[in-house]
Amino acid sequence: MDWVSQWNFDPFVIGGLLLLLGAGFRAQRDHPDRQRSLVMAVGVFAILFLSPLCALTTALFSARVLHHLLLVAVAAPLLALTFAARATASAGGSFVVATMVFWAWHVPVLYTAALENTAIYWAMQASLVVTAFLF
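Just so we're aligned, residue 8 is where the sequence shown starts under the working numbering, counting upward by one.
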C-alpha cells in the first residue's frame, strides 16, 4: 500500500495528459494506428511523471537515465508516429539540435536549476520531448 502513496496525482499533469489524449483522438479519428501510438505515448508519460519513478530521478542516477531514455527514445517517437507529418528538415540537423539540448540539460548547473525550480524542470522536459519529436 505504501507504493500507491508514492504516485503523483498532480491535477495539472493529469489534466495535461487528458488534454493531449483528447486532442490527439480528435485529430486522428480516422487513424486507429495513430490513436494506439497516442495511447502508448500518454501511458509512457504517465509512468514518467506520475509514477514513483519521477521522484526517484532526483535521488538515483539510474532512475534519471531511465526517465530521459524513455522520454526521448520511446514517448517522443510515439508522438511522432501519432502526429506524422512530412519531414521539412534534414534528420542530421534535427539530430544535432536534439543532442545539443539533451547534453545541455545535463550540465550540472542547468540540471540543478531544473530540480530546484518547477518552471525550469518543465522547460527541460518540454525541450527534450520537442527536439526528440522533431528528430
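Note that CB positions come from ideal geometry on N, CA and C, so glycine has one too.
(request) Label R36 either buried or exposed according to how many other C-beta atoms from any shown protein chain fall within 10 Å of its C-beta, with 16 as the threshold for buried. (result) Exposed, by the Cβ-count rule.
(request) Quick one: residues in its chain with C-beta nearer than 7 Å to the C-beta of S58, no 5 flanking neighbours on either side, listed in chain order? (result) The residues are W14.
(request) Return no unless some Cβ of chain D is closer than 9 Å to the Cβ of A139. (result) In summary, chain D is missing from the structure at hand, where a single protein chain is found.
(request) Give a yes or no on contact between the segment 46–61 and the segment 21–34, applying the rule of three or more CB pairs nearer than 8 Å. (result) The segment 21–34 and the segment 46–61 touch, with three or more beta-carbon pairs separated by less than 8 Å.
(message) One question on the structure: do A139 and A98 come within less than 9 Å of each other, judged by their Cβ atoms?
(response) Their beta carbons are not under 9 Å apart, which means A139 does not touch A98 by this criterion.
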